[in-house]
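Under the UniProt record's numbering, residues 1 to 423 are what the sequence shown spells out, in order. Notes follow once the structure below has been shown.
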Amino acid sequence: MHNVLLIIRREFLERVRTKAFVIGTVLFPVFMIAMMVLPALIKPGGGDRTLVLVDQSPAGIGARVEQLLKAPSAEKNAIRYTIERTTNPLESQRAALNKRVESKEIDGYVVIGADVLQSSKVMYRARDVTKVQVVQDLDRAISGVVQQERLKGSGMTAEQVARLVQGVDIDAARVSGDGEETGGLMSTLITAYVIFFLFMQLITLYGQNAMRSVLEEKNNRIVEVIVSSVRPMHLMAGKILGLASVALLQISIWVSFAALVASQQGVLSRRFGMSAGAFSALNMGGGTWAALLIFFVLGFILYAAMYAAAGSTVTSEQEAQQLAFPMMLPLLIPVAFIMPILTDPMGNTARVLSMIPFTSPVVMPMRAVATDVPLWEIALSVVLLVMGMTAVVWLAGKIYRVGILSTGKKPTLAELGRWLRAA
């Protein structure tokens, strides 16, 4: 046991002291915050636009549209419009207007026809019609004026009609087993999605690290010295647990950072326009957090043992890369079913995948975040995962014991069978 602890300590310190660990630990939360904040900071909009308004409309609609577009806006990224209104027929000036657009004298022109109250059709021609904010501003201004004109004589204002046709705003939130509301619809779905890919990436990344570490020690003949004083099974266990402790440290830092950001969501909402409930799904109960930890650790050990055993059977980095993809295939299966799992976490697809040891480490955490999974399902999934992990570790240990001391070409399946029987 003392030797295992020494190996765990060595693997842990060797990893956390690297620049890659420090940079990766810092960059991930920075990247996630940037993904949420940058869209607000670089929100497109603003600037000046010069438009010609060809006004053929009745009842002074064009003049009121011009007034609305030119009115100052309190919005930070509002566009400032210069409007040149003309009542001349379109056909008499279409060619001239197109020429002015092409020469960049104006940005575009809008045509409000005489039948706008009946047809609801408005023409907009511009050099760049992908400027969505311009189209939205035109739609808002013209639609508002047209609606007001149609309402004249009805005895109702536009505000009254808007209230009559206003839909409902559904406030969806998950109720956990203890009756606490823990997150809205989008917040819960996004959190489950992030946890799924985070677990999958960490298990794959550190599993491949275990494989490369075994290969390096094997090729450098360091392992021959180590196994003279440490049993191969203890060496593999120390490596796996050492890497698991590094991964848990990294996750702990990220969760702490997320909790810190969540505590400031009011400030972020006011400053960057982020949703006030963006982090509400992180308000999970202790049981859910415990389930996430258990499934991550057990799944990590299962896959790390597979990668370590695979690393002991190869002799070059190229061979290791060839084995890396088959190792992660079981983790990719839930990707094909991610939408059924997220949208129906109590469905048969989600339930079956959460009971298979090779997929449950990423599927059950998703379900636990998305819904209140029955305790018996979590317990059964843990039991099956422990059984699968034990079998994989036992088989991997047998392969590892022989593989780390073998040299030459990569073993065939028949040779692997002999290793299992001999170990």
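Backbone N, C-alpha and C define an ideal beta-carbon position, used for all residues, glycine too. The structure presented is a predicted model; accordingly, all values stated were derived computationally and were not measured.
Check: What residues in its chain sit with their C-beta under 6 angstroms from that of residue 417, if we drop five residues either side in the sequence?; Outcome: none
Check: Kindly indicate which three-state DSSP category residue 181 falls into: helix, strand or coil?; Outcome: Confidence at residue 181 is low in this model, with a pLDDT of 48, below 50, so its placement is unreliable and the value that follows should be read with caution. DSSP places residue 181 in strand when its eight states are reduced to three.
Check: For residue 306, which residues from the same chain have a beta carbon less than 8 angstroms from its beta carbon, with the 5 sequence-adjacent residues on both sides left out?; Outcome: 207, 327, 392 and 396
Check: CB-CB under 7 angstroms to residue 66, same chain, minus the five flanking residues each way: which ones, in chain order?; Outcome: 53, 83 and 85
Check: Check whether the Cβ atoms of residue 199 and residue 362 sit closer than 8 angstroms, and answer yes or no.; Outcome: yes
Check: Pull the bridge partners of residue 126 from the DSSP assignment, please.; Outcome: 108
Check: Between residue 435 and residue 288, what straight-line distance do the alpha-carbon atoms span, to the nearest angstrom?; Outcome: The requested residue 435 does not occur in the structure, where the chain is confined to residues 1 to 423.
Check: Per DSSP, what kind of secondary structure is residue 371 in: helix, strand or coil?; Outcome: coil
Check: Tell me which residue opens and which closes the beta strand (DSSP E) that residue 54 is part of.; Outcome: 48 to 55
Check: Tell me the DSSP secondary structure of residue 83 in three-state form.; Outcome: strand
Check: Using the three-state DSSP reduction, which class does residue 131 fall into: helix, strand or coil?; Outcome: coil
Check: Considering Cα atoms alone, identify which of 311, 294, 313 and 304 is closest to residue 364.; Outcome: 294
Check: How would you label residue 106, buried or exposed, when you count the other beta carbons within 10 angstroms and need 16 or more for buried?; Outcome: buried
Check: In whole angstroms, what separates the C-alpha of residue 352 from that of residue 341?; Outcome: 10 angstroms
Check: What runs of the alpha helix (DSSP H), each 4 residues or longer, lie entirely inside the stretch 328 to 396?; Outcome: 338 to 343, 348 to 353 and 360 to 370
Check: Return the first residue and the last residue of the alpha helix (DSSP H) that residue 66 is part of.; Outcome: 61 to 70
Check: Quick check: what's the CA-CA separation for residue 17 versus residue 380?; Outcome: 38 angstroms
Check: For residue 17, report the span of its alpha helix (DSSP H) as first-last.; Outcome: No alpha helix (DSSP H) contains residue 17, which DSSP labels as neither H nor E.
Check: Within the stretch 200 to 227, note down every full alpha helix (DSSP H) run reaching 4 residues or more, in order along the chain.; Outcome: 222 to 226
Check: Classify residue 162 as buried or exposed, calling it buried when 16 or more other Cβ atoms lie within 10 Å of its own Cβ.; Outcome: exposed
Check: In terms of alpha-carbon separation, which member of 88, 48 and 301 lies closest to residue 62?; Outcome: 88
Check: Taking the straight line between their C-alpha atoms, what separation do you get for residue 181 and residue 189?; Outcome: The predicted model places residue 181 with a pLDDT of 48, which falls under 50 and marks its position as unreliable; any figure quoted below should be read in that light. Computed Cα separation, rounded: 15 angstroms.
Check: Taking contact to mean 3 or more Cβ pairs, one atom from each stretch, closer than 8 angstroms, check whether the stretch 242 to 261 and the stretch 330 to 345 are in contact.; Outcome: no
Check: Measuring CB to CB, does residue 242 end up less than 8 angstroms from residue 11?; Outcome: yes
Check: Based on Cα-Cα distance, which residue from 144, 204, 127 and 30 lies nearest to residue 325?; Outcome: 204
Check: Note the first and the last residue of the continuous alpha helix (DSSP H) segment covering residue 94.; Outcome: 94 to 102
Check: Looking at residue 215: is its Cβ nearer than 8 angstroms to the Cβ of residue 314?; Outcome: yes
Check: State the DSSP-derived secondary structure class of residue 245, mapped to helix, strand or coil.; Outcome: helix
Check: Kindly give me the distance between the Cβ atoms of residue 247 and residue 202, rounded to whole angstroms, as I take these residues to be in contact under 8 angstroms.; Outcome: 5 angstroms
Check: Skipping 5 residues on each side, what residues in its chain have a beta carbon closer than 7 angstroms to that of residue 320?; Outcome: 211, 212, 215, 311 and 314
Check: Beta-carbon separation of residue 101 and residue 125 under 8 angstroms?; Outcome: yes
Check: Is it buried or exposed, residue 222, if we count other Cβ atoms within 10 angstroms and call 16 or more buried?; Outcome: exposed
Check: Taking only three categories from DSSP, how would you classify residue 288?; Outcome: helix
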